[in-house]
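In our numbering, the protein residues as written are 1 to 132. Scroll down for the structure; my scribbles are underneath it.
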């Protein structure tokens, strides 16, 4: 979701993830009422990155694979190549915390590896890339 600050992007995401339910109306995802889906099942289908994503201690590789099962080194390398991030990551020293840019790369790679049904990124104005 992309839009100006205050336009309701985070609210829509909160409703999709059922962090809270709407006071009226129905929220549907892929033609299913989210209120009727088991919470765990719903959230397992959605890969979400909020406006302030979190990078956990550990290497970039560990952050990429967090919550992703049965992925090989080849899978990680392929995801990094798909995200055009391999050279950037390989150029970085092996540190416990990486730059903010590497956080976004790690999250993108997580998306590529996680095979979720829905991918939602809440991009605020200050983090929005320029596609012009």
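Note that CB positions come from ideal geometry on N, CA and C, so glycine has one too. These numbers come from a predicted model, not from an experiment.
Provide the residue span of the beta strand (DSSP E) that contains residue i, from first to last.
i: residue 120; result: 118-121
Note down the Cα distance separating residue i from residue j, rounded to an integer number of angstroms.
i: residue 122; j: residue 18; result: 15 angstroms
i: residue 57; j: residue 65; result: 13 angstroms
i: residue 24; j: residue 14; result: 15 angstroms
i: residue 78; j: residue 69; result: 16 angstroms
i: residue 36; j: residue 73; result: 38 angstroms
i: residue 152; j: residue 67; result: An answer regarding residue 152 cannot be provided, because it is not within the stretch 1 to 132 covered by the chain.
i: residue 28; j: residue 42; result: 11 angstroms
i: residue 38; j: residue 16; result: 13 angstroms
i: residue 21; j: residue 40; result: 15 angstroms
Note down, in chain order, each residue of its chain lying with its Cβ closer than 8 angstroms to the Cβ of residue i, except the 5 sequence neighbours on either side.
i: residue 116; result: 44, 45, 46, 47
i: residue 3; result: 9
Alpha helix (DSSP H) containing residue i: first to last residue?
i: residue 24; result: Premise fails: residue 24 is in no alpha helix (DSSP H) and is neither H nor E.
i: residue 14; result: 9-16
i: residue 40; result: 39-44
Tell me which same chain residues have a C-beta within less than 6 angstroms of the C-beta of residue i, skipping the five on either side of it?
i: residue 6; result: none
Below 7 angstroms CB to CB, which residues in the same chain sit around residue i once its five sequence neighbours on both sides are set aside?
i: residue 26; result: 33
Q: Entirely within the segment 61-85 and at least 4 residues each: give me those alpha helix (DSSP H) ranges in chain order.
A: With a minimum length of 4 residues, the continuous alpha helix (DSSP H) runs that stay inside the segment 61-85 are 73-82.
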